[in-house]
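>
In mature numbering (1 follows the signal peptide of the UniProt record, and there is no 0), the protein residues as written are -28 to -1, 1 to 525.
1) Rounded to whole angstroms, what's the CA-CA distance from residue 357 to residue 408? Just pull it up for me.
2) Under a Cβ-count criterion, where at least 16 other Cβ atoms within 10 Å of its own Cβ denotes burial, should residue 190 be classed as buried or exposed?
3) Verify whether the separation of the beta carbon atoms of residue 377 and residue 314 is less than 9 Å.
4) Do residue 168 and residue 147 come within 9 Å of each other at the CB atom, strictly closer than that value?
5) DSSP three-state call for residue -6: helix, strand or coil?
6) Here's the rule: buried if 16 or more other CB atoms are within 10 angstroms of the residue's CB, otherwise exposed. What is residue 523?
7) Cβ atoms of residue 121 and residue 32: under 9 Å apart, would you say?
8) Thinking just about the alpha-carbon of each residue, which of 215, 22, 506 and 175 is nearest to the one in residue 383?
9) How is residue 85 classed by DSSP in three states: helix, strand or coil?
10) Measure the beta-carbon distance from residue 502 to residue 334 and round it to whole angstroms, keeping in mind my assumption that it falls under 8 Å.
11) Should residue 74 and residue 109 be called a contact, given that it needs their Cβ atoms to be closer than 9 Å?
12) Where does residue 512 sit, in a helix, a strand or coil, going by DSSP?
13) State buried or exposed for residue 71, treating a residue as buried only when at least 16 other CB atoms are found within 10 Å of its CB.
14) If we ignore side chains and look at the alpha-carbon of each, how far apart do residue 504 and residue 513 end up?
15) Which of the three DSSP states is assigned to residue 419 in this structure?
16) Under a Cβ-count criterion, where at least 16 other Cβ atoms within 10 Å of its own Cβ denotes burial, should residue 411 be classed as buried or exposed?
17) For residue 277, tell me which candidate among 439, 292 and 222 has the shortest Cα-Cα distance.
18) Let's test the definition: count the other Cβ atoms within 10 Å of the Cβ of residue 77 and tell me whether it reaches 16, buried, or not, exposed.
19) Quick check on the burial criterion: 16 or more other C-beta atoms within 10 angstroms. Buried or exposed for residue 184?
20) Considering only the alpha carbon of each residue, which of 405, 429 and 450 lies closest to residue 361?
21) In chain order, what residues of the same chain have a beta carbon less than 7 Å from the beta carbon of residue 9, not counting five sequence neighbours either side?
22) Under a Cβ-count criterion, where at least 16 other Cβ atoms within 10 Å of its own Cβ denotes burial, should residue 50 be classed as buried or exposed?
23) Identify every run of the beta strand (DSSP E) within the segment 251 to 314, keeping only runs that are complete inside it and at least 3 residues long; order them along the chain.
24) Could you pull the start and end residues of the alpha helix (DSSP H) that residue 534 belongs to?
25) Report back the beta-carbon spacing between residue 526 and residue 321 to the nearest angstrom; my notes put them in contact at under 8 Å.
26) Assuming contact is defined by CB atoms lying nearer than 9 Å, are residue 268 and residue 261 in contact in what I supplied?
27) If we count the other Cβ atoms within 10 Å of its Cβ and call it buried at 16 or more, is residue 328 buried or exposed?
28) What residue from 423, 460 and 458 has the CA that sits closest to residue 442's CA?
29) I'd like the ranges of any beta strand (DSSP E) spanning at least 3 consecutive residues and lying wholly in the segment 224 to 255.
30) Leaving out the 5 sequence neighbours to the left and right, which residues in its chain are closer than 8 Å to residue 372 when beta-carbon positions are compared?
31) For a minimum of 4 consecutive residues, which ranges assigned as the alpha helix (DSSP H) are wholly contained in the segment 313 to 351?
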């Protein structure tokens, strides 16, 4: 029996010997240094903040200690001249890095202070002007050390990491556009420092990356080469990758090519609205264009808001025409409706036939972009005297914003479908039967002729409006915009041209599909009204997207 007990205890001891040491006691004591974080950082007699305090140190004092447990360090202190072991809680000190690195930074405070201790409440050994470049060494996660001279005596001071902006260890050459008027080059990396040089807004400047907020630039002041600093917010960075050649339609009347990348600079040349221009990508807000002034090639600048890029499709005009002819489109050019021949179809399919005409180019108006108009101006300039549509400017704007459809197009479409606001369907029809079944009688409105089939325009259109709940003119406008938006505009067919011809569908499927009308002139016929509407407005937003096919060789 005694032997069994001995065997049991030997087995237990052997098992305990195999267990890992408790995580509360460090397996090896490593000597460390750290910063006292509290204004009175305490060394306790035991690993308990309720125990006796052996000694206290002011904030920023550098302390030596050893690892002891997960929560505590062990330190030797002298109490009444005798060495005593005490304990410091890990939250009360910030450990110093064992491998400091030399770095540089920009002083961001005015002034930027070097402290006698790693504490902002300690005395300042030295101060530097905002923007001064300082050489320091990493010390802790919150502090750098810096060597300074005070009255000729070399001292180690401390700079808080928040007081310095890191300088990149490697730089790259960049170009950018001066955004400010003027754009300043400063003596230090601080906008409050003196200005070495200034450049006109739109000037293209060459620089080096320096820090997250600053570039450096080499300049000459009275013939002397100097390094200056430009704030990143004062520069629009030019793209360094290969510039892409683009084509686009001029949006403004006129569209200007500027001498600098600034609308305040002189104008080198002007183009009529809808003119197709060639230009290259340059920056987020600017394109470059090569033009000739008195026979000399000159680089000019076009603002991105002044041109609209072209949508490219992987088929030729002839291929698109062949697909369209197969679905037998119609024309009324002879005075009556007939099937259009290939020549007639090709004329309307080819966008280049309409770019020179300011009016017909409105078939490329981006219908998903809002015109940003005011209700009062819509009411006064476009809807006055238009029957049921009079004073509905606010409803058209709400419809545009809610469903992402240009409000000028919605008004044009509504005027066309309602006979300028006087059709029976738009002025309210009382419906008491839907799909042959009796319903609660209601007066409904339909502003876009939705559901109004040729064989039953009033009945079908009004029943559709009843199902949709269009019991007021406003509901009919907003609800109709949703139908138009979902069916075409927000499905990618966001120009009149795309609604009529759907080039994306031809490219994808190899045949004509999902087209709003059969009339080959449908898109062009609407442009005169839309153009006049825009001409009647004082302010508006206008974007074009010109369909572009592959060239025929």
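We put the CB at the ideal spot given by N, CA and C, even for glycine.
Nothing here was measured: the structure is a model prediction, and the numbers come from that model.
With the given structure in hand:
1) Residue 357 and residue 408: Cα-Cα distance of roughly 37 Å.
2) That one is exposed.
3) In this structure, residue 314 does not lie closer than 9 Å to residue 377 by Cβ.
4) No; because the gap between Cβ atoms is not below 9 Å, this pair is not in contact.
5) In this predicted model, residue -6 has a pLDDT of only 37, less than 50, meaning its place in the structure is not dependable; the value taken from the coordinates is given anyway. Correct three-state label for residue -6: coil.
6) Here residue 523 is exposed: its Cβ has fewer than 16 other Cβ atoms, across all protein chains shown, within 10 Å.
7) Their beta carbons are not under 9 Å apart, which means residue 32 does not touch residue 121 by this criterion.
8) Of the listed residues, the one whose Cα sits closest to residue 383 is 506.
9) Residue state, collapsed to three classes: strand.
10) Residue 502 to residue 334, Cβ: 5 Å. Contact.
11) In this structure, residue 109 lies closer than 9 Å to residue 74 by Cβ.
12) Coil at residue 512, not helix or strand.
13) Within 10 angstroms of the beta-carbon of residue 71 lie fewer than 16 other beta-carbons, which makes it exposed.
14) Using only the alpha carbons, I get a separation of about 15 Å.
15) Coil at residue 419, not helix or strand.
16) Around the Cβ of residue 411, a 10 Å sphere holds fewer than 16 other Cβ atoms; the residue is exposed.
17) If you compare the alpha carbons of 439, 292 and 222 with that of residue 277, the shortest gap goes to 222.
18) With 16 or more other Cβ atoms within 10 Å, it is buried.
19) Residue 184 should be labelled exposed.
20) Ranked by Cα distance from residue 361, the first of 405, 429 and 450 is 450.
21) Excluding positions up to five away in sequence, the list reads 31, 64, 65 and 66.
22) Flag for residue 50 reads exposed.
23) As far as the segment 251 to 314 is concerned, its whole beta strand (DSSP E) runs of at least 3 residues are 258 to 265, 268 to 275 and 279 to 288.
24) Residue coverage of the chain in this structure runs from -28 to 525, which leaves residue 534 outside it and unanswerable.
25) The structure shown does not extend to residue 526, since the chain is modelled only from -28 to 525, so the question has no answer here.
26) Not a contact, by the Cβ cut-off of 9 Å.
27) Around the C-beta of residue 328, fewer than 16 other C-beta atoms lie within 10 Å, and the residue is accordingly described as exposed.
28) Minimum Cα-Cα distance from residue 442 among the listed residues 423, 460 and 458 corresponds to 423.
29) Taking 3 residues as the shortest admissible run, the segment 224 to 255 contains the following complete beta strand (DSSP E) segments, listed from N- to C-terminal end: 227 to 230, 239 to 243 and 248 to 253.
30) Taken in chain order, the residues that qualify are 342, 343, 378, 379, 382 and 453.
31) Here the runs fully enclosed are 314 to 321.
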